[in-house]
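Undergrad: Okay, here's the structure, questions in a sec.
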Amino acid sequence: MILLDSWAWADSSTSTSCFFDSLGPRRVDPAERRIGESGGGLAGEDGARDGGGRRQAEAVLSRAMSILWRRLCDFRSRMELEIWHWLLIFFSLAPLSCGLSADGLALLDLAKTLILPSSISSNWSANHATPCTWKGVGCDEMSNVVSLNLSNSGVSGFLGPQIGLMKHLKVINLSGNSISGPLPTSIGNCTKLEELLLLNNQLSGRLPDTLSNIEALKVFDITNNGFTGEVHFRFENCKLEIFILSSNYLRGEIPVWVGNCSSLIQLAYFNNSITGQIPSSIGLLGNLSYLVLSRNSLSGTIPPDIANCQMLLWLHLDGNQLEGTVPKELANLRNLQQIYLFNNHLTGEFPEDIWSIRSLKIVAIYNNNFTGQLPPVLAELKHLQEILLQSNSFTGFIPPELGVNGSLVKVDFTNNSFVGTIPPEVCSGRKLEVFNLGFNLLNGSIPSGITDCPSLRRVILRKNNLVGSIPQFGNCRNLDYIDLSYNSLSGDIPASLNKCINVTFVNWSRNKLAGPIPSEIGHLVSLQGLNLSGNRLLGELPVQISRCSKLSQLDLSFNSLNGPALTTVSNLKFLSRLRLQENKFSGGLPDSLSQLVMLIELQLGGNILGGSIPSSLGTLVKLGIALNLSRNGLMGDIPPQLGNLVELQSLDLSFNNLTGGLASLGNLKLLYSFNVSYNMFSGPVPENLELMF
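Heads up: the sequence shown is residues 1 to 693, going by full-length UniProt numbering.
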């Protein structure tokens, strides 16, 4: 009752907002308290007095209880404030007392082996409570580090064992850096890892067996590193979707367990040293879309089981030692877009049904020994962009409708035995860029669609049996390279060639072209190589050719050209090879030839130049391949400056009227071909030349 007494006599003016007020007793004043204690309300003689006393006692008690409740509420409020005060202090001091999380400490340790750029290292601080705000770091709702993404960030150094301390990691992406050294075995502790991306670094050594522990792994890409050895790790419950080990130094065989990875979409071993056969278990991969095993040392035959991979889009088996025939079952790959089988030892007829796969975009099967003919259905492939068949033994006609229904970009049938004519509508899609039919048995004329194809960059029809004239050029702005050599083309050189203002190389040699070289040749300001040798060209070399200032190779040999050509070509400062032999050029050897300081080959034999050999030729010190001045009616002595041509390997001065001695040629130590016959030389033969007589 002491507590009640002290509160009962407290100041009744004290207010409170405690909600208990409405429920508690009223305040008890002293008079009421005394009545209650004396028992007057219970033992009085008068009934009315007895009732009034009781009411007074109840009033006193009620007021006393009201004060008690208010004081209790006030006490409780003060205690709550005190508790919140101490809680606030506790939580504000908690980080200082707990320190950086374990994942954060592991990352800081990792940063001691990885050399991070300042933009990242300045953000990784031990003063932080959590690494979740650090650059390249991602966390879950529990502040566990679940991703480390430092791709393309300029990171170097090596990957330390601390990586294995972060056991909640799901994603590691360190691609596109300069990280070196081995992959630590502790990586196997990251058992929750789903994506491991290490491509485009300088990592080396063997892949650790502990990778087997990461059964959750879905994406594994180590492209373009220096990993060695065999793949010994394995995934019993394989969840892999992407498994890429391209451009390393891995050897051994493709692991058979890959066939258990039913979710696998991409499998790539490109550019390694993998041996053995392609496992037939790959046929179990029903979701496989990309199979890239190019540039290895795989042997044996192509397993027909691959045809079970109905989702396959890319089949890249090029650059191996595969042999035998192509399984006809591959025609069941109805979604196939790319088939790369080039640079193998495959033989036999290429299955005709494969040409009926409507989704085909690229067929690259060159450098094998395929036989057979191309079916007409080939022309119906509307999505076909590239068909590369060069260096095989295909025969028969090229489908005349080739290109009519498609969007062809590259066609290369070089070095086969195709006959018949060139498909006239091959460029109808207006996307054709490369058209190579060289080294076949084609006949007929060149279709006008070839020289009026705006997209065309490269044309090679070399060494066929083509006849007729070269058609006029139309829209050929993108044409860069055109080789029509070793045919039987006739007529004049079309002046419309000047429309091909970006052409860099023209080879029309070994044909039956006649007439003069048109002056419009000077419009070809990008021209670097011009070969018109072995034709029936007449007239003088047009002076406009000097506008072709980028020309480095000029071959007009074996024609009937005349006039003083050497003065004209002396302005072509970048010439490295000049072949004008077997023409009727005249006018002597001008001193201006000394301007051609880039020359490594100068062939002028079989003309009617006349005069003497100028001493200025001795300044052409890069002449190494050949200097041929034979059969030109030259007179006088060999200038001693010719001894400066110490790189020269072949010298022909035969069939002239030269006199004097050969002493100046004693410095030409690299000569392996030397002919000065049918002249009037005298005196001793230099020691280095004696064995050539």
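A virtual CB, placed ideally from N, CA and C, is assigned to each residue, including glycine.
Every value quoted in this text rests on a predicted model; they were computed, and no experiment measured them.
#1: On the criterion of 16 or more Cβ atoms from any shown chain inside 10 Å, does H232 qualify as buried, or is it exposed?
#2: What does DSSP give as the partner residues of S156 in its beta bridges?
#3: Classify V646 as helix, strand or coil using the three-state DSSP reduction.
#4: Buried or exposed: which applies to Q581, given that a residue is buried once 16 or more other Cβ atoms fall within 10 Å of its Cβ?
#5: Measuring only the C-alpha atoms, how far is S122 from S212?
#6: Rounded to whole angstroms, what's the CA-CA distance from K550 to Q528? Just pull it up for me.
#7: Round the Cβ separation of T567 and G539 to the nearest angstrom and send it over; I've been treating them as touching at under 8 angstroms.
#8: Would you list the one or two residues that DSSP bridges to W314?
#9: Taking the straight line between their C-alpha atoms, what separation do you get for L374 and G283?
#10: Of all Cβ atoms in chain B, is any one closer than 8 angstroms to the Cβ of G252?
#11: What are the residues that DSSP puts in a beta bridge with Y481?
#12: Can you give me the C-alpha to C-alpha distance between G229 and S273, rounded to a whole angstrom?
#13: Residues in its own chain within less than 6 angstroms of residue 694 by CB, not counting five upstream and five downstream?
#14: Just grab the DSSP bridge partners of H345 for me.
#15: Applying the criterion that 16 or more other CB atoms from any shown protein chain within 10 Å of the CB defines a buried residue, is A48 buried or exposed?
#16: Of the choices D412, D591, K431, C309, whose alpha-carbon is the least far from that of F394?
#17: Can you give me the C-alpha to C-alpha distance between E401 and N368, rounded to a whole angstrom?
#18: Looking at C-beta atoms only, is the number of pairs between the stretch 303 to 312 and the stretch 326 to 344 that lie closer than 8 angstroms three or more?
#19: Consult DSSP for E195 and reduce its assignment to one of helix, strand or coil.
#20: So if DSSP puts A364 in a beta bridge, which residue, or which two residues, is it bridged to?
#21: With a 10 Å radius around its C-beta and 16 neighbouring C-beta atoms as the bar for buried, classify M166 as buried or exposed.
#22: Contact between the stretch 571 to 579 and the stretch 605 to 620: three or more CB pairs below 8 angstroms?
#23: Using 8 angstroms as the threshold, is the C-beta distance between F227 and G259 below it?
#24: According to DSSP, which residues form a beta bridge with W252?
#25: Could you give the distance in angstroms between the alpha-carbon of G181 and the alpha-carbon of I187?
#26: If you compare alpha carbons, which of S143, A129, A126, S147 is closest to G136?
#27: Cutting at 6 angstroms between CB atoms, please list the residues of its own chain near H523, excluding the five before and the five after it.
#28: From which residue to which residue does the alpha helix (DSSP H) around T567 run?
#29: Note down, in chain order, each residue of its chain lying with its Cβ closer than 7 angstroms to the Cβ of L240, except the 5 sequence neighbours on either side.
#30: Do you know how far the Cα of Q595 is from the Cα of L556?
#31: Across which residues does DSSP place I242 in a beta bridge pair?
#32: Within its chain, find whatever has a CB closer than 7 angstroms to the CB of P686; leave out the 5 residues flanking it on each side and keep chain order.
#33: Once you ignore the five residues that flank S17 on each side, which residues in its own chain have a CB closer than 7 angstroms to its CB?
#34: Where does the unbroken alpha helix (DSSP H) through L662 begin, and where does it stop?
#35: Here's the rule: buried if 16 or more other CB atoms are within 10 angstroms of the residue's CB, otherwise exposed. What is R33?
#36: Does the count of Cβ pairs from the stretch 97 to 106 and the stretch 123 to 130 closer than 8 angstroms reach three?
TA: The short version:
#1: exposed
#2: I115
#3: coil
#4: buried
#5: 35 angstroms
#6: 5 angstroms
#7: Contact flag wrong, Cβ pair sits at about 16 angstroms.
#8: Y290, Q338
#9: 28 angstroms
#10: In the displayed structure, chain B is absent; only one protein chain is listed.
#11: R458, F505
#12: 10 angstroms
#13: Absent from the model: residue 694. The displayed extent of the chain is 1 to 693, so no value can be given.
#14: E323
#15: Reliability fails at A48, whose pLDDT of 40 lies under 50, so the model's placement of it is uncertain and no value is given.
#16: D412
#17: 25 angstroms
#18: yes
#19: strand
#20: Y340, L388
#21: buried
#22: no
#23: no
#24: The sequence given here places Gly at residue 252; Trp does not occur at that position. Beta-bridge pairing links G252 to I274.
#25: 14 angstroms
#26: S147
#27: N498
#28: 565 to 569
#29: L217, K218, F220, C261, S263, L264
#30: 20 angstroms
#31: V219, Q266
#32: L662, A663, L665, G666
#33: The predicted model places S17 with a pLDDT of 38, which falls under 50 and marks its position as unreliable, so this point remains unresolved.
#34: Note, L662: premise wrong, no alpha helix (DSSP H); not H, not E.
#35: Reliability of the predicted coordinates at R33 is poor, the pLDDT of 34 falling under 50, and the value obtained from them is presented with this limitation in mind. Buried, by the Cβ-count rule.
#36: yes
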